[in-house]
Structures are given as structure tokens and as C-alpha cells.
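Working notes for the structure below.
2 protein chains.
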Amino acid sequence: MTGAVPAATVARLPGYLRALRELDERGEATTSSERLAALAGVGPAQLRRDLSWLRPRGVRGVGYDVALLRERVSQALGAGADLAVVIVGVGHLGHALASHLGGEGSGFRVAALVDADPGVVGTTVAGLPVEDDREVADVVRREGAVLAVLATPVDVAQQVCDRLVAAGVRGILAFTPVALRVPPEVTVRSADVAAELQILAFHTQRQG
Amino acid sequence: MTGAVPAATVARLPGYLRALRELDERGEATTSSERLAALAGVGPAQLRRDLSWLRPRGVRGVGYDVALLRERVSQALGAGADLAVVIVGVGHLGHALASHLGGEGSGFRVAALVDADPGVVGTTVAGLPVEDDREVADVVRREGAVLAVLATPVDVAQQVCDRLVAAGVRGILAFTPVALRVPPEVTVRSADVAAELQILAFHTQRQG
DNA sequence: AGTTGTGAATCGATTCACAGCC
DNA sequence: GGCTGTGAATCGATTCACAACT
Numbered sequence: 000m001t002g003a004v005p006a007a008t009v010a011r012l013p014g015y016l017r018a019l020r021e022l023d024e025r026g027e028a029t030t031s032s033e034r035l036a037a038l039a040g041v042g043p044a045q046l047r048r049d050l051s052w053l054r055p056r057g058v059r060g061v062g063y064d065v066a067l068l069r070e071r072v073s074q075a076l077g078a079g080a081d082l083a084v085v086i087v088g089v090g091h092l093g094h095a096l097a098s099h100l101g102g103e104g105s106g107f108r109v110a111a112l113v114d115a116d117p118g119v120v121g122t123t124v125a126g127l128p129v130e131d132d133r134e135v136a137d138v139v140r141r142e143g144a145v146l147a148v149l150a151t152p153v154d155v156a157q158q159v160c161d162r163l164v165a166a167g168v169r170g171i172l173a174f175t176p177v178a179l180r181v182p183p184e185v186t187v188r189s190a191d192v193a194a195e196l197q198i199l200a201f202h203t204q205r206q207g
Numbered sequence: 000m001t002g003a004v005p006a007a008t009v010a011r012l013p014g015y016l017r018a019l020r021e022l023d024e025r026g027e028a029t030t031s032s033e034r035l036a037a038l039a040g041v042g043p044a045q046l047r048r049d050l051s052w053l054r055p056r057g058v059r060g061v062g063y064d065v066a067l068l069r070e071r072v073s074q075a076l077g078a079g080a081d082l083a084v085v086i087v088g089v090g091h092l093g094h095a096l097a098s099h100l101g102g103e104g105s106g107f108r109v110a111a112l113v114d115a116d117p118g119v120v121g122t123t124v125a126g127l128p129v130e131d132d133r134e135v136a137d138v139v140r141r142e143g144a145v146l147a148v149l150a151t152p153v154d155v156a157q158q159v160c161d162r163l164v165a166a167g168v169r170g171i172l173a174f175t176p177v178a179l180r181v182p183p184e185v186t187v188r189s190a191d192v193a194a195e196l197q198i199l200a201f202h203t204q205r206q207g
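Order-wise, the sequence lines are chains Z and U.
The opening position of the first sequence corresponds to residue 0 in numbering that gives the first Met the number 0, with each subsequent residue numbered one higher.
The opening position of the second sequence corresponds to residue 0 in numbering that gives the first Met the number 0, with each subsequent residue numbered one higher.
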């Protein structure tokens, strides 16, 4: 298939990439859709349909070349490119995320930390200086960041979001419980922990 | 409508609940689907269709009663019930999540913290003692927890998950990048930060 | 007059099932 | 013989558009 990759497919690609990494590290050079799908927790038909958008060049009767496929998926996801990410809001969560993502090969580079609290600005967190909120735009441009993590209090989230967008950020991961308004060329994904727990709570009430 | 609420609808309910809370706090007693939808960032038709699963009892020509609707949604999501949540893995992320959820009215009660590291077990984090990993089952049963947050290293995630499920946990929020295997009555939601960033990275590459 | 609730239509995503290829 | 890639079928979710109601 050719054309735009469906959003539902994109959302599963990271899972495939992880599974491929696992196979690669085990030294398995080739894999079947059945095996890979099992590792990723989906059905084989779905996996093949998803991969078909990436021109996978699998071999009928044999399977996929792990290294090649890994490269394809990795490239689609911008992994390995070490894209710059700016973290806005260095409270408990922002701090933890800085360490978490900064740590090892997450595939991303935490380029800068930004906060509004004068007591935090100037300190060093996870090896990086915390910079001033109001200079967010400069920071984004300086680092060439296209991605941002938003971990501020709710009431300033939209304002910070606007500044990020104006500075050229194209994707925002929001830990803040609010529906951010952004222009259509910017993508927002919600990572609201309480909301996720609420969804789980719903499911536990049903079907039990 | 009656019957099982679609998963896609459930995933939007927390957003509606937040919007309703906002209206309620502003003292607005009644609202239209148009207004509520705008606050939640969805279309009015979708909002009405979603709410129809909850028997909303809106009034034609007038709108919805905010307090009543809030109660309906809140109840569906188990919010206000202060469900017990156990956090497993008290590293950077687990620590931050404990503070984040324990803090204010998240609608959940962080009932216990659990870790494998002997250097962490016994310490107090966010006002709670960190308990031993191996007693996870006892802790879950003691607190009557049906929900768990999984923030352990990858390599022990499946094992911990198995113990949680055996102890009666029905919903797991996993920050670990791995496809957990659980029986069908247990729901898992992934909150893998790196994966979320990868998805955003994909979208920034296209269309722009 | 104005807004909900919902059939009907549309759109998108998943699954089936098999032709095509190694 | 075995596995991929994909048309066709199915399933689910969104949107349209309007009848029902206050």
C-alpha cells in the first residue's frame, strides 16, 4: 500500500520496533509475521497489514529480515535520529521524565529543561540547567526541538503550548489534564495519568 | 443506546468529566452539547453519541444539567470512589507518580508503594512506606486494590504483572515498554513515554 | 426556536482468505 | 510447503441530518 499511514497503525509501530529490537538482540536474523505479532501482542494479519504501509520487502515462504525491517520502522518513527525534546515544567513529573528519557538509548535527546518557578530556574536537573519559562521560544529554536513534553500546572498549559507552537514545535506530549488547542499541523498526545486510571476503572466495573 | 459502551467512547469520558468539572466550578448549571464538546475538544455529534450510552437525560431545546451529567460520568469512571491504586517500582517515575496521584483530588488513593531494591524498601516516599516486592500479593489484598501502576525495569515487568493479576488486580497502567500478557478479564493500558514520543515524531515527519 | 437523541450514511480499521511468490 | 501481501468482507466508530421534544 501507498499513501498516508493510518493513525491506528502508527500507534502500533513503537511496539513492533521494540519487538524487532528484542529479536535482533537475540541474534535472530529472520522472523515470521506470526512470531513478531506474538511478541508485539497483536494478530499476524494486523501486523502484515500495518507493515505493508512501510514497503517491508518480506520474503514469501520465509519471513522478514529483522535488521532491514527494524531499520524501516526505526526510520519511520524518527528513532535513531536522536530528536531534540524540550521538557517544560520541572516538578516531580518533569524531573522524573528528564531522568527517564535522558538516561539511556531512548532514541531522544533531552535538549533543555524549562520552568517558571524562580526557585528552580538555574538549578541543575539530570545534568541540565533549568532555564526560564519566558525564554521557551529561544530555547526551542536554539536546540532545533520539534518535540516537547508538557508537565506544567494546568492553568498555564495553554499559554505555554501556544509559545511552543509559535516557536516551531510540531509535537507535544501533554501530561496536563486539559484539551490543548493547537493548529492542525501540530500533533498533541495526552498522557494524563489520572485519565488513564479512570479508563481502567471503567473497564474493571464492567465484564468481571 | 444500551449495551456495552464502545472502547473509543470510554477513552473520551475523562475529558468530558474534566470539562464538566470546569463548568460546574464556574457555576454554570446547564450546558449544550456544542459548548461541552468545544471544551473537551471534540465535535458536538460525537459528544452526544458518546453520552447517549450513559442515559444522559438531557432536555431538548435546553441542554444538559451539568451536575447530573457530571455525576453520571463520574460514576461510570469510578471517580469519586477513591479507588485504591498500588504503585510497583519506586524509581524516578514511580516516585513522581506517587506524589502526583497522592497529592490532591485525583479521584484515586495511592494505597501502597512496592519495590524490589532493598535500599529503597523501608524508606518513606510521599508519606507511604515502600514495601517489599515479594509481598505484592499481600499488599494488593490488604488494600483491596483493583488498579496498579507498573513502573519497574522491563525485565521484571511480566513477572510482577503476573503476581498482580494473581492477587486480583483488574487494571494495570504500564510505563514499561513491553507487551504484557494478561488474561482477558484484566485490562492493560500502555503509558510508555518513549513510544508516545516516537508516535509524535512520525507525525512531524509527514504533513508539514 | 432551539437542542437532544438517534436512524441512516459514511468513513476507517480489522479480519478473512487466498493468490502470488520463494 | 510455507509465508507474505492484499483484495474483499466484516466490524466498529464517526458524522450527517432530522424527527422528537421542551
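Even glycine gets a Cβ: it sits at the ideal position worked out from N, Cα and C.
All of these numbers come straight from a predicted model, not from anything done at the bench.
Please report the distance separating the alpha-carbon of residue i from that of residue j.
| i | j | result |
| --- | --- | --- |
| Thr186(Z) | Asp49(Z) | 21 Å |
| Ala110(Z) | Ala194(Z) | 28 Å |
| Gly60(U) | Gly79(U) | 31 Å |
| Ser32(U) | Gly104(U) | 26 Å |
| Leu68(U) | Ala37(U) | 16 Å |
| Arg17(Z) | Val65(U) | 44 Å |
| Thr12(Z) | Ala190(U) | According to the sequence shown, residue 12(Z) is Leu rather than Thr. Leu12(Z) and Ala190(U): Cα-Cα distance of roughly 15 Å. |
| Leu92(Z) | Leu92(U) | 7 Å |
| Thr175(U) | Asp154(U) | 9 Å |
| Ser51(Z) | Asp114(Z) | 43 Å |
| Phe107(U) | Ala178(Z) | 21 Å |
| Gly88(U) | Arg25(U) | 39 Å |
| Val4(Z) | His202(U) | 10 Å |
| Arg217(U) | Ala7(U) | No answer is possible for residue 217(U): the residues shown for chain U start at 0 and end at 207. |
| Arg205(U) | Val145(Z) | 13 Å |
| Gly77(U) | Glu130(U) | 26 Å |
| Leu21(Z) | Glu21(U) | It is Glu, not Leu, that sits at residue 21(Z) in the sequence shown. Straight-line Cα distance between these residues: approximately 45 Å. |
| Asp34(U) | Gly57(U) | Correcting the residue type first, residue 34(U) is Arg in the shown sequence and not Asp. Answer to the nearest angstrom: the Cα atoms are 14 Å apart. |
| Gln74(U) | Ala83(U) | 16 Å |
| Ala200(U) | Arg141(U) | 43 Å |
| Leu196(Z) | Gly167(Z) | 32 Å |
| Ala10(Z) | Pro128(U) | 37 Å |
| Val192(Z) | Arg47(U) | 25 Å |
| Gly90(Z) | Ala173(U) | 21 Å |
| Ile198(U) | Gly2(U) | 33 Å |
Would DSSP call residue i helix, strand or coil?
| i | result |
| --- | --- |
| Pro128(Z) | strand |
| Phe107(U) | strand |
| Thr151(Z) | coil |
| Val185(U) | coil |
| Leu76(Z) | coil |
| Ala3(U) | coil |
| Thr203(Z) | helix |
| Ala190(U) | coil |
| Val212(U) | The shown model of chain U, from 0 to 207, leaves out residue 212(U), and the question about it has no answer. |
| Val145(Z) | coil |
| Gly62(Z) | strand |
| Val85(U) | strand |
| Val168(Z) | coil |
| Asp137(Z) | helix |
Anything in chain Z within Cβ reach of residue i, meaning under 8 Å, just list it in chain order.
| i | result |
| --- | --- |
| Ala36(U) | Neighbours of Ala36(U) on chain Z: none; closest Cβ ~10 Å, over 8 Å. |
| Gly170(U) | Leu196, Leu199, Ala200, His202 and Thr203 |
Leaving out five residues before and five after residue i in sequence, what residues of the same chain have Cβ atoms less than 7 Å from its Cβ?
| i | result |
| --- | --- |
| Leu96(U) | Ile86, Val148 and Ala150 |
| Val72(U) | Leu12, Tyr15, Leu16, Leu19 and Leu53 |
| Val138(Z) | Val85, Ala111, Val113 and Glu130 |
| Pro55(U) | Tyr63, Leu68 and Arg71 |
| His94(Z) | Val124 |
| Gly143(Z) | Ala83 |
Between residue i and the rest of its own chain, which residues show a CB-CB distance below 6 Å, the 5 nearest in sequence each way excluded?
| i | result |
| --- | --- |
| Ile171(Z) | Ala147, Leu149 and Val187 |
| Ser98(U) | Ala125 |
| Val135(Z) | Val113 and Arg162 |
| Gly101(Z) | Val109 and Ala125 |
| Ala39(Z) | Gly14, Tyr15 and Ala18 |
| Met0(U) | Ser51 and Trp52 |
| Val159(U) | Val87 and Thr151 |
I want to verify the contact list: residues of chain U whose CB lies under 7 Å from the CB of residue i, in sequence order.
| i | result |
| --- | --- |
| Ile198(Z) | Val9, Ala10, Pro13 and Arg188 |
| Ser233(Z) | Residue 233(Z) lies beyond the residue range present for chain Z, which begins at 0 and ends at 207; the question has no answer from this structure. |
| Val145(Z) | Thr203 |
| Val84(Z) | Leu196 |
| Ala75(Z) | Phe201 |
Residues in its own chain within less than 8 Å of residue i by CB, not counting five upstream and five downstream?
| i | result |
| --- | --- |
| Asp81(Z) | Gly106, Phe107 and Arg108 |
| Asp23(U) | Val65, Ala66 and Arg69 |
| Arg169(U) | Val145, Leu146, Glu184, Val185 and Thr186 |
| Gln157(Z) | Val177, Leu179 and Arg180 |
| Val28(Z) | Note that residue 28(Z) is Ala in the sequence shown here, rather than Val. Here the set comprises Asp64, Val65 and Ala66. |
What residues from chain Z crowd round residue i, counting only those whose CB sits closer than 7 Å?
| i | result |
| --- | --- |
| Leu92(U) | Ala95 and His99 |
For residue i, which residues in chain Z fall below 9 Å Cβ to Cβ?
| i | result |
| --- | --- |
| Ala39(U) | Ala178 |
Exercise. Is the region 175-191 of chain U in contact with the region 108-127 of chain U, if contact means three or more CB pairs nearer than 8 Å?
Worked result: no
For this session: For the region 39-47 of chain U and the region 157-167 of chain Z, state whether three or more C-beta atom pairs, one from each stretch, are separated by less than 8 Å.
Result: no
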